[in-house]
Amino acid sequence: MKGGIVRMAIAGMAAVAMAAPFITPVSANAATETATTTTVAASTKATAGAFTADGKTFDSFTDALAAAAKADDKTVTITESTDASLSVANTYEGITVTAAKGVVFSGSLRVNASKATVKNMTFKLDPATSKNAQNLIVSGKAAGVTITGNTFEIAAGDPANGASKNPDWQPSSVWLENGANGTVISKNTFKLGQVVNNSAVGVNIVGNGTNPITGTKITNNTVTSGPISGEGKSGSMMFVVGNGNTQAGSYGITDTTISGNIVKNETGLSASTSRTYAFAVTATKNTVIDDNTVEGYAAVSYSVWPSQGPNDGLKVTNNTLDAFAGVLMGSYVTEGGLTVDGNTFGKNTQYAYNGNTTYAVNQDGKAYSSVAKAIETGATTVKLLQNVTEDVTIPAGKTVTIDLAGFTLTNKAGHTITNKGTLTVKDSSAKKTGVIDNVTHQKAALYNEEGATATLDGGKFKRSKETGTADNTFYTILNHGDMTINDGTTVELLLSDGKPAGYSSLIDNGYYSGKPANGKNATMVINGGTFDGGRYVKNDSYGDMTINGGTFKNGASDAVLNWHHLTINGGSFDPADSASGILLNGKVYKGSEDGVATITGGEFTLTGSQKVVVLPAASGPSQGSENVTISGGTYAGVKPEAKYIIKSSGLTTNEDGTFGVKKAVLTLGTTSVKHDVAKGELTADAITTLVAPSVNVEGYTISADEQQLAAINEAIKAGRTGDFELKFNAVKEGATEATITTLTETATVTLTKAEEPAPNPEPSDKPSDNGGAAKPSAKPTTPSSNPTTTTGNNANGTNANRLGKTGTAIAGISAVAIALLAAGGITIAVRRRKA
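Residue numbers (mature numbering (1 follows the signal peptide of the UniProt record, and there is no 0)): -19 to -1, 1 to 816.
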């Protein structure tokens, strides 16, 4: 409050270009923003007989209020359109103000009475004709006022040319001030046209530290922005503006709930230029914005009115936000004072979260200005809300999960992540675009220290400024502790042109120099993932590495370099064409660089002169190590040297030219099965028996696809016919998730429906051509040679004996006649003939 004039928080917020990492809403003319509730002298009169109460007509609003206060129905009805300034004093508690159908109220209605209700009215402010800047004011510590079922309209236009002659005229449909408490604004319609140079505001909450506004509920309202003025470049349309007008640490607005509202951009402009704002709050405490649906420029933002402290306890949850900026809070929220959870963003959203206080959230959705701040406050899960630039350290004794959520974490100067505790990295984004990047010489995207544990379940780890020369190069991952890398993770070390960077190793597991202080080797288990570029994946001194799966490609010198203990159980390996081979195996000192490698599985692709095992040239104490045993794997292009192959391994040359374990092939005894729906459902055992799938090597479990078989049986129950696919899958017994390979073949199940047998003809006195005897067949019946398998009389795959058309012949006597004769005790001799 300055000079008796209450200043609006936001006027003419310009739609500015978004520039990461955060953006700021800008006021078009903040220095001249004005709004007051005293621009028009109060008047209780409109035209004669404009008010009714208790069945009577009144010229004076005050008289009507007095009559209503004494009546059982405490309602005053405005019966004629008016621009009068009306007031409900605090003595009229529980009064209701409404309007007759077709009445437009363009004046100012001030409510100071607690428990008053304003309903079913049409309010309008028009820059061309209105001097007052507020339609409905709740003031004077009024408590429990209800505003419902109304229509509020602010017309588009330029106030400088209108009735006020004031270019800074700033309209608000509903205005809350001076300690209004527990106001409910529900199920109203707001139509916000664009007012040149200022903001058209639906609900303006003007708080202060002396008389804070508390407990406001704004629920289930429908809001539209538009039409625009001119080209729509000046003036903003805002549903809710809340300004506490207090300094940091105190709050002029508390416990506000905004839920279930729908805000639509009907300006005809794109979201980024629509100048449509849903909710803007500053210096508020415990504001909840939940389950709203929003279009426009900014869904949740802060007010630019100066000299206010931040929000605290702000919750933005479960909203559907299709605005250009979803949550735009700048620095106007305390550390950890914003909770975001369960929000859904639409196709128009370019910045879901933006501002230097909303870089990351903890497991409870509380937002922080950095990953480090979240960890400092005890976060066990930290989820990125936008791209972040910082050096992150996980302290010893801390267990933290970092969810990249599709964003990029980039270092400032050190390792991007230094883990001294227990770390899990994942990426929950649908497109899996999360990245951990390092841009600094001799620094890694992830350094896992001795004694630390890291599990990588997702994300891309890279060094985007890697030059492949001594001026900016390093490992992408350096591990001195325990690390597990799973499917969904990508590790790359590439040059700007996409070629492998050949100066540093992609991964270093172990010690290039030095040794572990606690005597425990660095341990790395790779179950899956993609590993692209670098000189090679290196298992260094004091390193134990096990590779169960993953794709290893583009190693510039070799796929893997081993100095200590390496086991390869699976994975695919395809080094760069310039590489010397798959495994470069060396040794130096016993106990730290033993040079022991075991290969039990995997797929290896070699070209030209490449070798499976390559020995480094001797240099001082270091030399090549032939301590390599190969008992499995498949090798394309070049096979391993015989000296490395265990003789009892059974490795052989396959039909496709590869060398290695005998390739498993799934075949089906038949690919086509017919089944009569009248015979009932097919069990898994039955259809497996009929199709007869088999694998050419032992140790595989074969099964029919359960969902497809269920669909076939549903069709059988419904009596439907036609062709249905049924896949058979073979999985190697004992395979892990990382090493599993499924063999699949498909059969066709044709469902048929047998025709009903023709009824027996009525008995005839006419003798047959052969004197009553059955006419013999012209030619003998032969078995069918059709290779299609047909199910028998039951559905368990067992073919019952069936009589064909010639199975039983009884000359001149029908089956019905036989039955009748038998019932009479007459014995019939039946002559059978061979089918």
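C-beta atoms are modelled at their ideal positions from N, C-alpha and C, and glycine is treated no differently.
Close-in-space but distant-in-sequence residues of the same chain around residue i (CB under 8 Å, 5 per side omitted)
i	result
G211	V177
V342	T320, V321, D322, A348, Y349, A355, V363, K364, L366
T639	T615, Y616, A617
Counted within 10 angstroms of its Cβ, other Cβ atoms place residue i as buried (16 or more) or exposed
i	result
V678	exposed
R516	buried
N189	buried
S486	buried
A800	With a pLDDT of 41 at A800, under the threshold of 50, the modelled position of this residue cannot be trusted; read the value that follows with caution. Counting Cβ neighbours within 10 Å, A800 comes out exposed, since fewer than 16 surround it.
E431	buried
K412	exposed
A665	exposed
N520	buried
P748	With a pLDDT of only 40 at P748, under 50, the local geometry of the prediction cannot be trusted, and the value read off the model is given with reservation. P748 should be labelled exposed.
I721	exposed
E714	exposed
A739	Only weak support exists for where A739 lies, its pLDDT of 49 falling under 50; the value from the coordinates is given anyway. It is exposed - the Cβ of A739 has fewer than 16 other Cβ atoms within 10 Å.
residue 818	Coverage of the chain is limited to positions -19 through 816, which leaves residue 818 absent and any answer about it impossible.
K105	buried
A22	The predicted model places A22 with a pLDDT of 40, which falls under 50 and marks its position as unreliable; any figure quoted below should be read in that light. Exposed: under 16 other Cβ atoms inside 10 Å.
Y492	buried
Q688	exposed
Residue i - partner residues in DSSP beta bridges
i	result
P287	Answer by DSSP bridge pairing: none, since P287 is not bridged.
G138	V176
D303	E276
F32	F39, I59
L106	I135
D525	T504, H546
K347	T320
S240	T200, D271
Alpha-carbon to alpha-carbon, residue j and residue i
i	j	result
L366	G225	27 Å
I794	V654	At I794 the pLDDT is 40, less than 50, meaning the model places this residue with poor confidence; the figure from the coordinates comes in the next sentence. In a straight line, the C-alpha of I794 is about 37 Å away from that of V654.
L117	L90	5 Å
Y278	Q423	43 Å
G618	A435	36 Å
D64	A144	13 Å
K534	D271	47 Å
K592	I563	7 Å
V297	V269	6 Å
T648	G582	23 Å
Sequence-distant residues of the same chain with beta carbon closer than 6 Å to residue i, five excluded per side
i	result
T274	I243, T301
G700	V658
N694	E662
T504	D463, D525
G160	K122, N192
A426	T397, I417, N419, F442, T457
Same chain, Cβ closer than 7 Å to residue i, neighbours up to 5 away in sequence not counted
i	result
Q228	G290
Simplified DSSP state of residue i, which is helix, strand or coil
i	result
Y625	helix
K496	coil
N162	strand
S154	strand
I209	coil
I356	helix
E687	helix
I417	strand
S282	strand
L671	helix
T532	strand
V182	strand
I697	helix
M(-12)	In this prediction, M(-12) has a pLDDT of 40, which is less than 50 and means its spatial position is unreliable; what the coordinates show is noted afterwards. M(-12): coil per DSSP, three-state reduction.
A557	coil
V262	strand
A341	strand
T729	strand
K660	helix
T457	coil
A49	helix
T191	coil
Cutoff 7 Å: residue i Cβ touching any chain B Cβ
i	result
A280	Looking for chain B here will not work: only one protein chain is present.
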